[in-house]
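The structure appears below as structure tokens.
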Amino acid sequence: MDPVLADRLQFSFTIMFHYLFPIGTMGLAPFVAAYTWKAARKQDEESAKIARFWTKIFAMTFAAGVVTGIPMEFQFGTNWAAFSRRSGAIVGQPLAMESVFAFFLESIFLGVLLYRRGRVPTMFTAWSAVLVCAGAWLSGFFVVATNAWMQHPVGYSVASDGTIRLESIWALLFSPFLSWQFAHVLTGALLTGGFIVAGVGAYYLLSHRDEAAGRRFVRAGCTVGLVFALLAVFPTGDRNGNDVTKYQPVKLAAMEGLFESTHGAPLAIIGMPDIQKGHLIDPIFVPEFLSFLAYGNFNANVEGLEAYARELWPPVELTYYAYHVMVGLGTIFVGVSALAVALLPFGRLWRARWLLWLLMLSMPFPFIANEAGWTVSEVGRQPWIIYGLMRTAEGTSPTVAAGEVLFTLIGFAGMYFLLGVLYLYLLLREIGTGPDNVLA
Amino acid sequence: MSVAGFVVVALAVTMYVLLDGFDLGVAAVAPFIARGDRERAAAMASIGPFWNGNEVWLITAGAALFALFPAAYASSFSGFYLPFIVVLWLLMFRGIALELRGHLPSELWHQFWDGAFSCSSGLLIVVFGVALGNLLRGVPLDAAGYFQGTFAFLLNPYALLVGLFALAALAQHGAAFLAMRVEGAFGQKAARAVLMLWPVVLGLYLVMTVLTLRVHLPGGALWLFVMPVLSLGALLGLRWNATAQPAGWSFAMSSLFIVTLLAEAAGTLFPYLIPAFPAGHGGISIFSAAPSSVALGCALTVTVAGIVMVSIYGPIVWWRMGGTIRVE
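Chains as they are written, first to last, in my numbering: chain B, 678 to 1117; chain S, 181 to 508.
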């Protein structure tokens, strides 16, 4: 097996599994904070139980995120030593910031939420919940800052031995690529949080239990879900796409399945790319719309894949499908949540069981959309590990053989399978217990 | 500035051993002193609010090494590929055990996770000890600074001795922590465990110190001769205070023992991050591994600011969350 492929498989498997949990924590953290505040204000048992219920689910997700996150921090060194050696002086900075600014905040104050047991004043708990939320988002910011630099390197110089040197950390933290990418990542997580809360609420309403809490969850979840589903499309998704158009035009061409450079390029809604023949199979187009989305002008020229040497193409199929899955699901999220919010007045939603079913069954899909979005970002960046500067194939550890990586990949797979089963079992059990029966 | 970077990394590692050291130590000592579900639950609960924050010190050490000395980070992590991944798996298993134990009211479920917790923690301590032993002894490096040895090379008698010593010392540290955190009969049992472990720790410490003088070149600075005296003093102080009240004193002595040990180890290594084997053949030093001054300055500012911040709010929260646990 090719060692580069083995390293990439291990990284993509461990990061994709890990990322399921941070989506949940970034998305649920504001709900936990809001419910904990409400409980501290109102001092009644019902609010306390609701806060406790979501804190427990958050804590479980957080723990799984911590456990699967540790290998991420260290895999840069174990599997990507050449990359770390050349760029560690830059890539290490936001990761160090994440550790000392975000992780300490999150883990120490989550300890307060989980183990307070009447020792701590309620307002201290409420502030702790806010700080946990801040920690979760800050952590996301620093990770996306690292990634944005790999997508669009700034504030650096290259030394004579090839080492990439840091010139300005501010350039990195205020990179033009970073702001919209982070905003898009965060809206993706928040819309997921909304859909989870709404989905859990819908489950309670459908099974005629915990109904007061269930209504609160559906109301809050759908509203948050709709707001962030809209924000995910515009402006964050649109602006992030414009940055890709500007800095990574070949990625855009792969996302859209555009082979030939075209004036007034059409937008492919569906279709399957055929790399050999250089076209889409069975496409449905919206004429000239891609030019408009990319450049705000129906007649603008959009560069196709064939404007670039083949060796600079990312894997076209995977980038294309991941992008279309993300966009398609995002559109569906807007529709479902808008429908639910529209039926909220006068309690019509509580009688529309089919829509509650839809909300409940929607729960896994925001996770898929988030993962698909990152697939576009990362697979679409290939063949570069640092865009335009260093190739992925040059980044692996020279002393680590493919066989070793395969062994550890199998080990990670086994471990994560076990963790996934346990997490789901305990999560469903916690939802089964429900806010009415949770120990406040 | 490279020297300041070295101090930051050494500080993060020391904080990790000191703080997560008691989590791991509690796990290692619990199967021998905790009888019954309630006592084992108390052992777990004693570290419940803290372990996660403590583990962040390890991440901080790794991230600081990454940002400050990328060459050392790259060659050590990839050079010791398999041992590192095993450490990651053990860390994950430990975390899973701690977090999942309390979720089901079943005694069998508890027993399984208690066992997993103690085994993974005990192994972690030994692996960390072996790693430190090998660092002190030096490892074979090629011209580019990548590790050239084998797995078997790392399992030499000296490193294994350090591993064993680490197990005894952190078990004692964990027992001292339990004696402080838990009231009643279980707390007293923990205090007695400190006493029972004490001669083992002392014996291993003396043998290890003598052998350490043989495996590497003695350093020059005066404080390197002061540290072992302090360590020994702390160890004696621990014996003196082991059953005294309040039990915080024995934990403080144990902490001092660990801090002085790591200060000694860091001082011995300086200015190398990874010395070459055999000793005296150079290695990856803080000067050869350091990046530009901009990067060093940035990473130093960030880590120092972060560590100062957590040193302010961490103890406040801990003090709020502290107090003792009672076993009913």
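Beta carbons: idealized from backbone N, C-alpha and C, even for Gly.
Spatial neighbours of Phe818 of chain B in its own chain (CB-CB distance under 7 Å, excluding positions within 5 residues in sequence) are listed in chain order as Phe859.
Of all alpha-carbon atoms in B:Val835, B:Thr799 and B:Pro853, the one lying nearest the alpha-carbon of Ala825 of chain B is that of B:Pro853. Among the CB atoms of chain B, none fall inside 7 Å of the CB of Leu199 of chain S. For Arg281 of chain S, none of the residues of chain B pass the 9 Å Cβ criterion, the least Cβ distance being about 11 Å. Contact between Ile767 of chain B and Leu850 of chain B is absent: CB atoms are separated by about 11 Å, not below the 8 Å threshold. Nearest C-alpha to Tyr385 of chain S among S:Ala355, S:Gly309 and S:Leu199: S:Gly309. Excluding the 5 residues flanking it on each side, Leu908 of chain B has same chain C-beta neighbours closer than 7 Å at Thr864, in chain order.
Contacts with chain B (Cβ-Cβ distance below 9 Å) from the region 243-264 of chain S involve Ala243, Ala244, Leu245, Phe246, Ala247, Leu248, Phe249, Pro250, Ala251, Tyr253, Ala254, Ser255, Ser256, Phe257, Ser258, Gly259, Phe260, Tyr261, Leu262 and Phe264, listed in chain order. Listed by position along chain B, the residues whose Cβ is nearer than 8 Å to that of Pro229 of chain S are Gly788, Val789, Leu791 and Tyr792. Taking C-beta atoms as the reference points, Arg218 of chain S and Glu363 of chain S fail to come closer than 7 Å. With contacts defined as CB atoms closer than 7 Å, Lys733 of chain B and Ser724 of chain B fail to qualify as a contacting pair.
Pairing Trp804 of chain B with Met749 of chain B, the inter-Cα distance amounts to about 29 Å. When 7 Å is used as the limit between beta carbons, Glu965 of chain B is near no residue of chain S, the shortest such separation being about 47 Å. Cβ contact annotation for Thr240 of chain S (same chain, cutoff 6 Å, sequence separation greater than five): Ala192, in chain order. Here the alpha carbons of Gly918 of chain B and Ile1062 of chain B stand approximately 20 Å from one another. DSSP, reduced to helix, strand and coil, places Val835 of chain B within a strand of the structure shown. The region 931-984 of chain B contains, as complete beta strand (DSSP E) runs of 3+ residues, the segments 944-951 and 956-963 (chain order). If you check the CB distance, Ala1049 of chain B and Ala999 of chain B come in under 7 Å.
Look at Trp1061 of chain B here: in three-state DSSP terms it is strand.
Closest in C-alpha terms to Ala475 of chain S, from the list B:Thr691, B:Pro771, B:Ile747 and B:Lys726, comes B:Pro771.
If you look at Pro1043 of chain B, you'll find it in the alpha helix (DSSP H) that goes Phe1042 to Val1056.
Residue pairing by DSSP puts Met1067 of chain B in a beta bridge opposite B:Ile1063.
In the structure shown, the three-state DSSP call for Val877 of chain B is helix. If only uninterrupted alpha helix (DSSP H) runs of at least 4 residues are considered, those enclosed by the region 897-937 of chain B are 915-924 and 926-933.
By the rule that beta-carbons nearer than 7 Å mark a contact, Met272 of chain S touches chain B. Proximity of Pro471 of chain S to chain B, defined by a Cβ-Cβ separation below 7 Å, is satisfied. Within the region 765-781 of chain B, those residues whose Cβ lies closer than 8 Å to any Cβ of chain S are, in chain order, Gly765, Ala766, Ile767, Val768, Gly769, Gln770, Leu772, Ala773, Met774, Glu775, Ser776, Val777, Phe778, Phe780 and Phe781. Taken through DSSP and simplified to helix, strand or coil, Phe818 of chain B comes out as helix.
Put simply, the CB of Leu686 of chain B is far from chain S, with every gap to its CB atoms at 7 Å or more.
Residue burial is scored here from C-beta neighbours: Lys928 of chain B has at least 16 other C-beta atoms within 10 angstroms and is therefore classed as buried. With contacts defined by Cβ atoms closer than 7 Å, Ala866 of chain B and Ile1108 of chain B do not form a contacting pair. The criterion of a C-beta distance shorter than 7 Å is not satisfied by Leu449 of chain S and Met388 of chain S.
By the beta-carbon neighbour count (other beta carbons within 10 angstroms, threshold 16), Gln291 of chain S is exposed.
For Ser465 of chain S, the enclosing beta strand (DSSP E) begins and ends at Gly463 to Ser465. Listed as beta-bridge partners of Phe1010 of chain B by DSSP are no residues whatsoever.
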